[in-house]
Amino acid sequence: MGVPDSFVHSKETFGSSNLMQDSLIPSDIVISVTYAQEMGAFHFSGREKIEQKQASGSRETSDNENFLVDLSQKQNQQQLYQILMFAQRVLFIMLSCYLTFLNSQQEASLNQASASQDKLNSKNGEDNGLLSQQIRTLQQEDSLCREQAGIQEGGIYYEVNSIKAKNGYKEFKIATVRPQKNMPHTDIISYVIFETNSWEDHNSIQIVNALKKISIQYPDYKIALLDIGANLGWFTFMAASLDYNVIAFEPLDQNYKAIEYAMCLNQNVSNLIQLEKFALGAKNETCNLYSQPQNTQNGIIRCGDDINDHSKVVDVSNVILRQEVPIRTLDSYTKTISPDIKIGVLKIDVEEFEYDVFVGGKNFLKEHKIPYIVQEYSLKSYGAHQEDHFNLFKDLGYEARLTSFNGQGFKTFNELKEEIRSQVGDNQIEVYFVLSTFESQCVGSNPNDTCNSYQ
1 MGVPDSFVHS
11 KETFGSSNLM
21 QDSLIPSDIV
31 ISVTYAQEMG
41 AFHFSGREKI
51 EQKQASGSRE
61 TSDNENFLVD
71 LSQKQNQQQL
81 YQILMFAQRV
91 LFIMLSCYLT
101 FLNSQQEASL
111 NQASASQDKL
121 NSKNGEDNGL
131 LSQQIRTLQQ
141 EDSLCREQAG
151 IQEGGIYYEV
161 NSIKAKNGYK
171 EFKIATVRPQ
181 KNMPHTDIIS
191 YVIFETNSWE
201 DHNSIQIVNA
211 LKKISIQYPD
221 YKIALLDIGA
231 NLGWFTFMAA
241 SLDYNVIAFE
251 PLDQNYKAIE
261 YAMCLNQNVS
271 NLIQLEKFAL
281 GAKNETCNLY
291 SQPQNTQNGI
301 IRCGDDINDH
311 SKVVDVSNVI
321 LRQEVPIRTL
331 DSYTKTISPD
341 IKIGVLKIDV
351 EEFEYDVFVG
361 GKNFLKEHKI
371 PYIVQEYSLK
381 SYGAHQEDHF
391 NLFKDLGYEA
401 RLTSFNGQGF
411 KTFNELKEEI
421 RSQVGDNQIE
431 VYFVLSTFES
441 QCVGSNPNDT
451 CNSYQ
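The numbers in UniProt numbering rise by one with no breaks, and the one at position 33 of the sequence shown is 33.
Next up, the structure:
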């Protein structure tokens, strides 16, 4: 390439500059410096200029590429930022909506809870009102029942015991006694019932099962329990709770009132109970009724000089005379029994007066043929009448057994005597008398429903 005229260097062109003075410039390199002061830069030509341009072009290309990369990155960052901001706004909107929903749900729950509480308070108010009414009704019934039984304030305190269903019988109420309210019991039966909610479980089971057996054999009769010496009425109400009739004898005034009181409380079964306020014995007479201070409701009947008979098991050296009682015979009561009633079980507990009762009731036993009889017995208390007592039942067709109605039977008195002596000596023991003819016939109308179903 030729050099332009303007670039022809001379000494005058550079003025006083000695930069190029007397220098020899090779022909293949032309360096020209023009307008240094105006442009503020040196321009080179030739090969070095080309290399500079190439380097500059490369740098420009690289700078352009870097610029484009930076621009692309900035655009991406801006787009990402916009996306994030959009997502943030969406999330904020969703969160706001969710919080609004939660607030509405909480408010609804609070309103519902408030309504439920109001309803519950209303129901509780109604329940409390109903409960209060029931309590007042029970108190009124209790007061009325006490009045009907002739129970007065002060003196003997009667408390109601609600007996739970057990041993085959249903729930019932029974009244026990204390000398005064909140005082310790001085009556054994009252104490045991109060503490255990039961009395003589073994005999209770025996009597319940025996009554069921009788109901199978005599489906057309009203089955009854004959309760001689009913005391507070445990066996009376137990049998009545199962819809059996009961004829109960209890001469002690305090016990009689307790039974009357409980009959009023057990209105559903009171019509099944026939309560008599006299004692049974060998003849019609008037005798004394005693009890011990430590067992106040356990009446002990003694007639004439019998109070001084120390052959008895019951200690009468420290007794309190409670009252006089009329004595009637069981035979005189025979015609009182309704013809549609079948006495299934006779239970007797009259504190060593049993033999006198049976002497005055031979004809009654013969006529009514009671299948099951249970009594307390001791060799000492019957003295000279031990064998007479055994033979009385043997002559009527009964077999004496121990432990239960299904226990070991004894054909002779000596066999029974030896077994009793080996078990308890002269102390009391339950003897069960079973009518032999009944056991051989006891089959229900259903072949699968026999007396053996109740053992």
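Even glycine gets a Cβ: it sits at the ideal position worked out from N, Cα and C.
Checklist entry - Under a three-way DSSP split, which group does Lys417 fall into? => result helix
Item to check | Check whether Ala279 and Phe249 have beta carbons under 9 Å apart | outcome: yes
Next on the checklist: Using a 10 Å radius around the Cβ and a threshold of 16 neighbouring Cβ atoms, would you call Cys264 buried or exposed?
Outcome noted: buried
Checklist entry - Which residue comes first and which comes last in the alpha helix (DSSP H) that contains Ile205? => result 201–217
Item to check | 6 Å CB neighbourhood of Gln148 in its chain, flanking five on each side removed | outcome: Cys264
Item to check | As assigned by DSSP and simplified to three states, the class of Ser378 | outcome: coil
Checklist entry - Do the CB positions of Asn203 and Ile163 come within less than 9 Å of each other? => result no
Checklist entry - Asp201: which of Gly229, Asn167, His185 sits nearest, CA to CA? => result Asn167
Next on the checklist: Which same chain residues end up closer than 7 Å to Gly150 when comparing Cβ atoms and leaving out the 5 residues on each side of it in sequence?
Outcome noted: Lys257
Item to check | Rounded straight-line distance, which links the Cα of Leu102 to that of Met85 | outcome: 25 Å
Item to check | Boundaries (first-last residue) of the alpha helix (DSSP H) holding Tyr158 | outcome: First-last for Tyr158: 157–163, but that is the beta strand (DSSP E), not the alpha helix (DSSP H).
Checklist entry - Hey, out of Ala108, Asp388, Gln323, Ile343, whose CA is closest to Ile373's CA? => result Ile343
Checklist entry - On the premise that Phe413 lies in contact with Glu387, defined as a C-beta separation below 8 Å, what is that separation, rounded to the nearest angstrom? => result 5 Å
Checklist entry - How about the stretch 325–338 and the stretch 266–280: do they share at least three Cβ pairs that are nearer than 8 Å? => result yes
Checklist entry - Counting pairs of Cβ atoms below 8 Å between the stretch 413–428 and the stretch 361–380, do you hit three or more? => result yes
Checklist entry - Does the distance from the CB of Phe353 to the CB of Ile301 come in under 9 Å? => result yes
Next on the checklist: I'd like the span of the beta strand (DSSP E) that includes Asn288, first residue to last.
Outcome noted: 285–292
Item to check | C-alpha gap between Tyr169 and Ser143, whole angstroms | outcome: 27 Å
Checklist entry - In the DSSP assignment, what residue or residues form a beta bridge with Phe86? => result According to DSSP, Phe86 bridges with nothing at all.
Item to check | Nonlocal neighbours in the same chain, by C-beta distance under 6 Å from Phe438, ignoring five residues either side | outcome: Pro371
Next on the checklist: If I follow the unbroken alpha helix (DSSP H) through Leu365, where does it start and stop?
Outcome noted: 362–368
Item to check | Span of the alpha helix (DSSP H) around Glu171 | outcome: Per DSSP, Glu171 belongs to no alpha helix (DSSP H) and is neither H nor E.
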